[in-house]
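Visitor: For reference, the structure I am asking about is given below.
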Amino acid sequence: MIDPAEARVRADLDDTGFLAGIAQGRWRVHEFAYPRLDFVIAATEVDGTPSEYAFRGDLTNFPATNPMVRIWDLEANGPLSVNLRPKGNQRIAITFQHWGDDTVYRPWDRLTGPHNNNAVNLAHLAWRPDRRLLFIFEDLHGILNLNARAHRLRAAA
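Quick note: the sequence shown uses the working numbering, first residue 124, plus one each step.
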């Protein structure tokens, strides 16, 4: 019998919206071995060039317990070095900063949510058990591609 948390993760990975993001090249699953999910999100660098960043998620007791996500170096099998993390505006810098628990600094994250009352102060970004993995992937993709918008605005000026 499959663990209910694992079954929910698998259902989220088979969700139409999630699969559409894969088809569009926005993200991909690198490896899934419950409760660990390694994935890659497409990004835009400050100079407008496309790139991508890997992440490791801990989905223990999903969705009742918030996911815990770290920006990851798949080759080194550890957190991505600070000097290799995404650059750009303040939102990018805060999200991928190296902090005490070194998870992505988003209110939906298991460790960031309680830090400084992030989940309370930014309730629209907080984790709730009715949310899907797609919520996290879309959030990270949006942040990692803020540079694309800034680059387009600079080019149009």
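By construction, the Cβ of each residue, glycine as well, lies at the ideal position given by its N, Cα and C atoms.
As the structure is a prediction and not an experimental result, all values here were calculated from the model.
(1) Taking buried to mean at least 16 other C-beta atoms within 10 Å of its own C-beta, is residue 148 buried or exposed?
(2) With a threshold of 8 angstroms, are at least 3 pairs of Cβ atoms found where one atom belongs to the stretch 198–216 and the other to the stretch 233–253?
(3) In three-state DSSP terms, what is residue 218?
(4) Within 10 angstroms of its Cβ, does residue 171 collect 16 or more other Cβ (buried), or is it exposed?
(5) I'd like to know if the stretch 217–230 and the stretch 188–195 are in contact, where contact means that at least 3 CB-CB pairs between them fall below 8 angstroms.
(6) For residue 127, which three-state DSSP category applies?
(7) Taking DSSP's pairing of strands, which residues face residue 166 in a bridge?
(8) So, residue 163 versus residue 151, is the Cβ gap smaller than 9 angstroms?
(9) Which class does residue 265 belong to by DSSP, given the choice of helix, strand or coil?
(10) Give the straight-line distance between the Cα atoms of residue 136 and residue 233, rounded to the nearest whole angstrom.
(11) Do residue 261 and residue 180 have their CB atoms nearer than 9 angstroms?
(12) Go ahead and pull the three-state DSSP assignment for residue 132.
(13) Would you mind working out which of 134, 159, 138, 174 sits nearest residue 268, comparing C-alpha positions?
(14) Where residue 236 and residue 243 are concerned, what is the direct C-alpha to C-alpha distance, given to the nearest angstrom?
(15) Rounding to the nearest angstrom, what Cα-Cα distance links residue 241 and residue 190 in this structure?
Guide: In terms of the structure at hand:
(1) Counting from 1 along the sequence shown, the entry for residue 148 is found at position 25. Classification for residue 148: exposed.
(2) In this structure the stretch 198–216 does not lie against the stretch 233–253, because fewer than three pairs of beta carbons, one per stretch, are closer than 8 angstroms.
(3) Mapped onto the sequence shown, residue 218 falls at position 95. DSSP places residue 218 in helix when its eight states are reduced to three.
(4) In the sequence shown, the residue the question calls residue 171 occupies position 48. It counts as exposed.
(5) With the cut-off at 8 angstroms, the stretch 217–230 and the stretch 188–195 touch.
(6) The residue given as residue 127 occupies position 4 in the sequence shown. Helix.
(7) Here residue 166 refers to the residue found at position 43 of the sequence shown. DSSP lists 174 as partners of residue 166.
(8) Taking the sequence shown and counting its residues from 1, the one referred to as residue 163 is at position 40. Taking the sequence shown and counting its residues from 1, the one referred to as residue 151 is at position 28. Yes, Cβ-Cβ distance for residue 163 and residue 151 is below 9 angstroms.
(9) Start at 1 with the first residue of the sequence shown, and residue 265 comes out as number 142. Collapsing the DSSP output to three states places residue 265 in a helix.
(10) Within the sequence shown, numbered from 1, the residue matching residue 136 stands at position 13. Within the sequence shown, numbered from 1, the residue matching residue 233 stands at position 110. When the Cα atoms are used, residue 136 and residue 233 turn out to be separated by approximately 20 angstroms.
(11) As a working mapping, residue 261 is identified with position 138 in the sequence shown. As a working mapping, residue 180 is identified with position 57 in the sequence shown. No, they are not a contact pair.
(12) As a first step, residue 132 must be located in the sequence shown, where it is residue number 9. It is helical.
(13) By 1-based counting over the sequence shown, the position of residue 268 is 145. The shortest Cα separation from residue 268 among 134, 159, 138, 174 belongs to 174.
(14) Counting from 1 along the sequence shown, the entry for residue 236 is found at position 113. Counting from 1 along the sequence shown, the entry for residue 243 is found at position 120. Rounded to whole angstroms, the separation of the alpha carbons of residue 243 and residue 236 is 8 angstroms.
(15) Counting from one through the sequence shown, the residue named residue 241 turns up at place 118. Counting from one through the sequence shown, the residue named residue 190 turns up at place 67. About 15 angstroms.
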